[in-house]
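*Asks:* Here you go, one structure.
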Amino acid sequence: MLAFVLFVAGPALADTTVPTQDLKGLGDPPGLSRYTGSVLLYRNDADYDELRLPVSRPVDKGGEPVAPKVLEARGQRSSLQYLVPPGRSPLEVLRNYQQAYKAQGFETVYECAGPACGASEVSLHGFDLGRLLVPANYASAIGDNSPAACAGGAFVGDLRYAVLQNKASGAAMALMSWKPGNVSAYCDEAAFKKHASVFLVRVQPQARAQTMETLSASELGQSLTATGKVAVYGILFDTNKSDIKPESRPSLEQIGALMKQNPGIRLHVVGHTDNVGGFDANLGLSKRRAEAVAAALTKDFGVARERLTANGVASLAPVQSNADEAGRARNRRVELVLQ
């Protein structure tokens, strides 16, 4: 759903002015350079995240934006929004970032401007490209009258976008720069419209912390007896793929042992995803992952295939909010349900 705000002709009702220094508590992540004189308005980090950075114009699929071509990146993620000094154009800002990071080994793998990016005259987090880049809780985090909301503008103008990649290190970065059009009635419109803004997403390779313990066959059985189902977090997949990762074997072994110890039980193997990406795509992905688990249990652990029924429900049964990576990680799971 697109987000719209109220407009006002001038700054008479404004109560949010252009900040002259970073907002309280904010600072740059280590190793990240900013455009000289910029002010940091927003920051959101995740120790581990999996992103699909658009390298093509997003298209609509079932009401959700989907980029036909993406650059997959996983690792430590930082998302930041800056306000640059007045008088700088989005193109000038983008070129400076490209030049600075080229010296660090990054190359531009995709670039677009305005309508070619899928831009439209709605708020930063309302148009397709913005929705694919900002964190899921961005709109609620910034509210209506924060400097980040004011700098975003009710209309996005002169948008510039680029994706940079350091193939040697595996790091990736997406950059958006734009000029706000009309802004909220809570903002000093004339002042904010003099400034271009930057939204930057950086992903640095970092292994995901292995914090999920492998449930034993006994523990799996106890949960099935008590609740009729059990969530298994030790079965892992790469983003948007259904190939089971090798480190999943301990969990599969325990499920195989459970089935051997209880020859009379039959299970639904249910794949769950987070809400990142289109629903139809996630529905198919969750079903393929469940089928892969059932196939592995049959092939590698001797479980009769007729004892397993594979199903996928995409993001229809979350156990936590999808607003942050911690919640999304809990929602990505395989569940075993008694038939």
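Here the sequence shown stands for residues 269 to 607, where the numbers follow the numbering used here. By construction, the Cβ of each residue, glycine as well, lies at the ideal position given by its N, Cα and C atoms.
1) Among 489, 504 and 542, whose alpha-carbon lies nearest the alpha-carbon of residue 522?
2) Could you pull out every unbroken alpha helix (DSSP H) segment of at least 4 residues lying fully inside the segment 442-474, listed in chain order?
3) Taking the beta carbon of residue 342 as the centre, do at least 16 other beta carbons fall within 10 Å, making it buried, or is it exposed?
4) Roughly how many whole angstroms lie between the Cα atoms of residue 482 and residue 547?
5) Per DSSP, what kind of secondary structure is residue 333 in: helix, strand or coil?
6) Would you list the residues sitting across from residue 497 in a DSSP beta bridge?
7) I'd like the list of long-range same chain contacts for residue 322, defined as Cβ closer than 7 Å, with 5 residues on each side in sequence excluded.
8) In chain order, which continuous runs of the beta strand (DSSP E) of length 3 or greater are located wholly inside the segment 506-554?
9) Do you know offhand how far residue 463's Cα is from residue 509's?
10) Compute the beta-carbon to beta-carbon distance between residue 416 and residue 309, rounded to the nearest angstrom, for a pair I have assumed lies under 8 Å.
11) Tell me, to the nearest whole angstrom, how far the beta carbon of residue 550 is from that of residue 583; I am working on the premise that it is less than 8 Å.
12) Mind checking residue 367: buried by the 16 CB within 10 Å criterion, or exposed?
13) Just how far apart, CA to CA, sit residue 426 and residue 446?
14) Residue 286 and residue 460 - do their beta-carbons sit closer together than 8 Å?
15) If you check the beta carbons only, do residue 371 and residue 428 fall under 8 Å apart?
16) Is there contact here, the segment 560-567 with the segment 580-597, by at least three beta-carbon pairs under 8 Å?
17) What did DSSP end up calling residue 347 once you bin it into helix, strand or coil?
18) Whole angstroms are fine: how far does the CA of residue 326 sit from the CA of residue 607?
19) State buried or exposed for residue 600, treating a residue as buried only when at least 16 other CB atoms are found within 10 Å of its CB.
20) Would you kindly work out how many angstroms separate the C-alpha atoms of residue 505 and residue 439, rounded to a whole number?
21) Since residue 361 is in the alpha helix (DSSP H), which residue starts that stretch and which ends it?
22) Return the CA-CA distance between residue 301 and residue 544, expressed in angstroms with no decimal places.
23) Please go through the same chain and pick out, in chain order, the residues whose beta-carbon is closer than 6 Å to the beta-carbon of residue 312, but skip the five residues on each side of it.
24) If we call anything under 8 Å between Cβ atoms a contact, is residue 351 one with residue 465?
25) Thinking C-alpha only, which one of 525, 533, 330 and 411 is nearest residue 574?
26) Quick check on residue 303: does DSSP put it in helix, strand or coil?
27) Would you grab the beta carbon distance between residue 539 and residue 580 for me? Rounded to a whole angstrom, and I think it's under 8 Å.
28) Could you check if residue 433 is buried or exposed, using at least 16 other CB atoms within 10 Å of its CB as the buried criterion?
29) Indicate the three-state DSSP secondary structure (helix, strand or coil) for residue 598 in the structure shown.
30) Can you give me the C-alpha to C-alpha distance between residue 290 and residue 349, rounded to a whole angstrom?
31) Which partner residues does residue 575 have in the DSSP bridge list?
32) What is the residue span of the alpha helix (DSSP H) that residue 325 lies within?
33) Taking the alpha carbon of residue 603 as the point to measure from, which residue in 578, 456, 589 and 421 has its own alpha carbon closest?
34) What would DSSP say about residue 568, mapped onto helix, strand or coil?
*Replies:* With the given structure in hand:
1) 489
2) 457-460
3) buried
4) 29 Å
5) strand
6) 605
7) 335, 338, 397 and 400
8) 535-540
9) 41 Å
10) 4 Å
11) 6 Å
12) exposed
13) 5 Å
14) yes
15) no
16) no
17) strand
18) 41 Å
19) buried
20) 21 Å
21) 358-370
22) 28 Å
23) 347 and 403
24) yes
25) 533
26) coil
27) 4 Å
28) buried
29) helix
30) 11 Å
31) DSSP lists no partner for residue 575.
32) Run containing residue 325: none; DSSP gives neither H nor E here.
33) 578
34) helix
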